[in-house]
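**Student:**
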Amino acid sequence: MRLFLILCNSILLVLALGLEIYGFKLILNESLSEQILITSLFLHFIASIIAACIFPTIMASNRKQPQLKINIFFFVVVFYLPLLGLVGLTLAIPFIIRHSPKSQKTNFVVSLSKIRNLPDIPAQAIDDNFASLHSLYRSRNPDKRLKAIYASLKIKDQDAIPLLRMALSDPVDDIRLLAYALLDRKEHGISERIKHSKQKLEKIENSRNKRLYRQIANDYWELANLGLTQGEARNYVLNMACKYIELGLKYYPQDVGLCFQYAQILLKLGNFERAYEQFKKAESLGMEHKKLLIYYAEIAFHRHQYHKVKQLMAEIDYPAAYPQLTSVVQFWQKRN
39 MRLFLILCNS ILLVLALGLE IYGFKLILNE SLSEQILITS LFLHFIASII
89 AACIFPTIMA SNRKQPQLKI NIFFFVVVFY LPLLGLVGLT LAIPFIIRHS
139 PKSQKTNFVV SLSKIRNLPD IPAQAIDDNF ASLHSLYRSR NPDKRLKAIY
189 ASLKIKDQDA IPLLRMALSD PVDDIRLLAY ALLDRKEHGI SERIKHSKQK
239 LEKIENSRNK RLYRQIANDY WELANLGLTQ GEARNYVLNM ACKYIELGLK
289 YYPQDVGLCF QYAQILLKLG NFERAYEQFK KAESLGMEHK KLLIYYAEIA
339 FHRHQYHKVK QLMAEIDYPA AYPQLTSVVQ FWQKRN
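Here it is in structure tokens:
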């Protein structure tokens, strides 16, 4: 297949050079007429289009799909530099190929059908070594990067998923494929839990099972919060979480856990007014005020109430309360 592609590109390149040279010869003809000029320009235009199609695949062969901008760039170079542009790019091909990064290969073959059936490993196993795992992935050695991706099975999802998303743009096909398969495995596992919970809910006569409503909402929330869904799919998942929390609150309006979770989902959806109301309701039902400070601060920030953000941040006991937000808390506490 690769040999066929090289052969096709070579034929097209020779054709482009032939059209360019022939058009140039027509212009040099002593009896230059308008018709000859138009013919020469047309041949040059066709040669430029051919060059724009083949040069990205020759010079950027490691790309899955050449971007339109790259095609336009080569077209402009060849079109606005008649003959010189095409000849110059052709002469540059051996140099570009010699110095382009070779596509890396590993001895590992990903079996997509088996990824979902991999056994679950306790997340606590290497939590302390997450930083070293991240460093391992930055290695130039593809086998080490592959080990880092496999080791993500042993860390918590909130740590593993950013690493796997980073690996989706890895130059090695096997690593990209494994990262995609592991992300798919995580999403599939949560989706299966949602499916089973919904089936259980349907079997209950009056459907007043608070635990199941919370479980389904939790799983939808996890899909969105961990970054397993993006864009419109993420909004859909959050709205589904919202739906099941609202069903739970219909039967258990005074449940502090449901109120708190409802507020978090509303906050993610950008419904700041209703989110604030639900956080306040959770507080009135017994949730500790200190646990809600960071959420009140976020809502105040979105409302552009920066003075209030500073006041709320000043009340937060860091790093004990929010170790991951220590730098953010320090920033607001130091502001005048």
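Position one of the sequence shown corresponds to residue 39 (the working numbering), numbered consecutively onward. Where a beta carbon is used, it is the ideal one built from N, C-alpha and C, also for glycine.
Note down the Cα distance separating L264 from Y218, rounded to an integer number of angstroms.
**Tutor:** Going from the Cα of L264 to the Cα of Y218 covers about 15 angstroms.
**Student:** When we look at the beta-carbon of F369 and count the other beta-carbons within 10 Å, is it buried (16 or more) or exposed?
**Tutor:** With fewer than 16 Cβ atoms within 10 Å of its Cβ, F369 is classed as exposed.
**Student:** May I ask which residues mark the beginning and end of the alpha helix (DSSP H) holding R176?
**Tutor:** It is not in any alpha helix (DSSP H) - R176 carries neither H nor E in the DSSP assignment.
**Student:** For L45, does the count of other Cβ atoms within 10 angstroms reach 16, so buried, or fall short, so exposed?
**Tutor:** Label assigned to L45: exposed.
**Student:** Under 8 angstroms: do the segment 276-292 and the segment 325-332 share three or more Cβ pairs, one atom per stretch?
**Tutor:** Contact fails: fewer than three Cβ-Cβ distances are below 8 angstroms.
**Student:** At the level of alpha carbons, what is the spacing between C91 and L215?
**Tutor:** Answer to the nearest angstrom: the Cα atoms are 28 angstroms apart.
**Student:** Could you check where the alpha helix (DSSP H) with Q302 kicks off and where it finishes?
**Tutor:** From DSSP, the alpha helix (DSSP H) with Q302 extends over 294-306.
**Student:** Can we say the segment 267-281 touches the segment 235-243, given the rule of at least three CB pairs closer than 8 angstroms?
**Tutor:** Flag = no, the segment 267-281 and the segment 235-243 do not touch.
**Student:** Reducing DSSP to helix, strand and coil, say where S229 ends up.
**Tutor:** Looking at S229 - three-state DSSP - the assignment turns out to be helix.
**Student:** So the candidates are H340, F339, A338, F317; which of them puts its Cα closest to the Cα of K329?
**Tutor:** Checking every option, the nearest Cα to that of K329 belongs to F317.
**Student:** DSSP three-state label for I164, please.
**Tutor:** Per-residue confidence for I164 stands at a pLDDT of 46, beneath the threshold of 50, marking its modelled position as unreliable; no derived number is given.
**Student:** Taking buried to mean at least 16 other C-beta atoms within 10 Å of its own C-beta, is P94 buried or exposed?
**Tutor:** By the 10 Å Cβ count, P94 comes out buried.
**Student:** If you check the beta carbons only, do I254 and I232 fall under 8 angstroms apart?
**Tutor:** Yes.
**Student:** Can you list, in chain order, the residues of its chain with a C-beta nearer than 6 angstroms to that of G61? Leave out the 5 residues immediately preceding and following it.
**Tutor:** Result list for G61: S78, L81, H82, in chain order.
**Student:** Is it the case that the Cβ atoms of I337 and Y300 are separated by a distance below 8 angstroms?
**Tutor:** It is not a contact, given that the beta carbons lie outside the stated cut-off.
**Student:** Which term fits E230, buried or exposed, when burial requires 16 or more other beta carbons within 10 angstroms of its beta carbon?
**Tutor:** Classification for E230: exposed.
**Student:** Mind checking which residues open and close the alpha helix (DSSP H) that includes L119?
**Tutor:** Looking at the DSSP string, L119 is not in any alpha helix (DSSP H), and its letter there is neither H nor E.
**Student:** With DSSP run on the structure shown, which of helix, strand or coil describes H342?
**Tutor:** The answer is coil: DSSP assigns H342 none of H, G, I, E or B.
**Student:** By the three-class DSSP mapping on this structure, what secondary structure does L45 have?
**Tutor:** Three-state DSSP puts L45 in a helix.
**Student:** How is E321 classed by DSSP in three states: helix, strand or coil?
**Tutor:** Helix, per DSSP.
**Student:** Could you give the DSSP three-state label for K328: helix, strand or coil?
**Tutor:** DSSP places K328 in helix when its eight states are reduced to three.
**Student:** Can you list, in chain order, the residues of its chain with a C-beta nearer than 8 angstroms to that of D355? Leave out the 5 residues immediately preceding and following it.
**Tutor:** If we look at D355 and ignore the five residues flanking it on each side, its Cβ neighbours are K328.
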